[in-house]
Every structure is written in structure tokens, then in C-alpha cells.
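Protein sequences appear in the order of chains A and B. Once you know that position 57 of the first sequence is 57 in full-length UniProt numbering, the rest is easy, because the numbers rise by one and skip nothing. Once you know that position 89 of the second sequence is 89 in full-length UniProt numbering, the rest is easy, because the numbers rise by one and skip nothing.
Protein chains: 2
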Amino acid sequence: MLASKWVYLVVCALRRGRMRNGELARRLEGITPKMLTQTLRILERDGLVRREIFPVIPPRVEYELTELGQNLAGLLTQIRSWSEEHVPDIKQARARAEANQEAELQAQV
Amino acid sequence: MLASKWVYLVVCALRRGRMRNGELARRLEGITPKMLTQTLRILERDGLVRREIFPVIPPRVEYELTELGQNLAGLLTQIRSWSEEHVPDIKQARARAEANQEAELQAQV
């Protein structure tokens, strides 16, 4: 379930508060309407998002995080902070390893 | 990089301290020698694991987490705790949603 990029992005977007479908779509550049609906269905089914329908004309539908969803959003924020802080270190180590390998190959020539 | 199940499991196993290849293989049931070597190479290249070779006969090779690796292990532990605490809630919500859907279908018959 957590494997989907859109699950991650929808949960993060909803941290700002309840939102309508169109608002979500605007915030999530690149998501197709079908994918957004599908992601919201999954999140609702899994108890992470609550859907509220207002009986107005035309009907207004809003989505918000449940407590569990907010909790997941907190974890995702931690993962993002970790990545922002440490992924550069990983990339640096990788570049260094590749440079060393290159140097070894050169030395063998 | 984080996508691999084995990366996750090797990092978690090394939390206990430095380990030899064989010890790691025993802890990680189901990993093939090739996959273990490959995972350790990736982790070493990315600066998460340090390899130490002892000049004895036969040579002894040990692996341990770097500071960055320990840091990642901390994050992975948080993710695991979150999952252990909340995945049952998600499964429950999912089961409830499926039961409701079933009931709706029955009502329509």
C-alpha cells in the first residue's frame, strides 16, 4: 500500500487540512483524475482518509485525514526529513566509490 | 536504493554489531550468497556499511554499519514500529470496508 507515490503525495497534501477533489488535483501536478480517485478510494478503504459529502447542489465532496492518516503523515514527514538530510551523503559516498573504481581501472591499464 | 527488502534486512541485522558474511547469511534466511554480496556492495558503495578485511589465513572479512548506516537503521526501526502499531488498524479498516461493500451488494439483490 505504501508503495504508491501517489498515496504518499495525497497524504502529504491533506496535511494542510480538508480538501476538495479539484483542489487536490491542482496540488498534485501530474496526477490523472482516475489515479486520484483510485488513490483516495484506497486511502478511504484503509481508514487513512475520511470522505464527507455535503448535500448541496452541485454536491460538494471533501477529503480529510483520519487520526490514523495524520499519524502516517507524521511518519512520512520523518522519512522525508531523513532523506533530505542524508541522501546527499549517500550520493557523495556513491560518487566517491565510483571515482575510486575508475582510478583503479586506470591504474590497471 | 531503499526499495530492496534485503537492504532493509541487512541494515537491521547489522544493528547488532559487526558481522562476518556467513553470520549475516545465517541471520537472513532465504538470501542467496549472490544477493547478499550484491546488497553489501551497494551498502558499502553508498557509505552505509564499512567492510574490514583482516589479514589472517584464511582472510576474515567483517561488515559494520557506518554512522550514516546506523542513522538509517534508526529510521527503519521507526518505520517498523509504526507498521507494527498501525498496520492492524489499516487491515481492520480494510476488512470493515469490504464487509460494508458486501452488505451493499447483498442489499441490492
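Every residue, glycine too, gets a C-beta built ideally from N, C-alpha and C.
CB contact below 7 Å: residue i versus chain B
i       : result
A107(A) : no
I90(A)  : yes
G47(A)  : yes
W82(A)  : yes
L76(A)  : no
L68(A)  : yes
A99(A)  : no
R50(A)  : no
Where the beta strand (DSSP E) through residue i begins and ends
i      : result
V49(B) : 49 to 54
Nearest candidate by alpha-carbon position, reference residue i, set the options
i      : options                          : result
R94(A) : R50(B), Q106(B), R45(B), A107(B) : R45(B)
N71(A) : K5(A), C12(A), Q106(A)           : C12(A)
G74(A) : H86(B), R60(B), L68(B)           : H86(B)
K5(A)  : G22(A), L36(A), E98(A)           : L36(A)
D89(B) : K34(A), R60(A), L68(A), G22(A)   : L68(A)
G47(A) : L105(B), L14(B), R26(B), E98(B)  : E98(B)
R28(B) : R41(B), I42(B), Q92(B), V7(B)    : For the record, residue 28(B) in the displayed sequence is Leu; it is not Arg. For L28(B), the nearest C-alpha among the options comes from V7(B).
G30(A) : R50(A), L43(A), L9(A)            : L9(A)
DSSP bridge partner residues for residue i (one or two, in chain order)
i      : result
V61(A) : I53(A)
M19(A) : Y63(A)
Residue-chain proximity (residue i, chain A), Cβ-Cβ < 7 Å
i              : result
A103(B)        : no
L65(B)         : no
L36(B)         : no
residue 140(B) : What the structure shows of chain B is the stretch from 1 to 109, and residue 140(B) is not part of that stretch, so it cannot be assessed.
A13(B)         : no
A73(B)         : no
Endpoints, alpha helix (DSSP H) assigned at residue i
i      : result
L43(B) : 33 to 45
L9(A)  : 5 to 14
Does the pairing of the region 61 to 76 of chain B with the region 17 to 32 of chain B give three or more beta-carbon distances under 8 Å? yes
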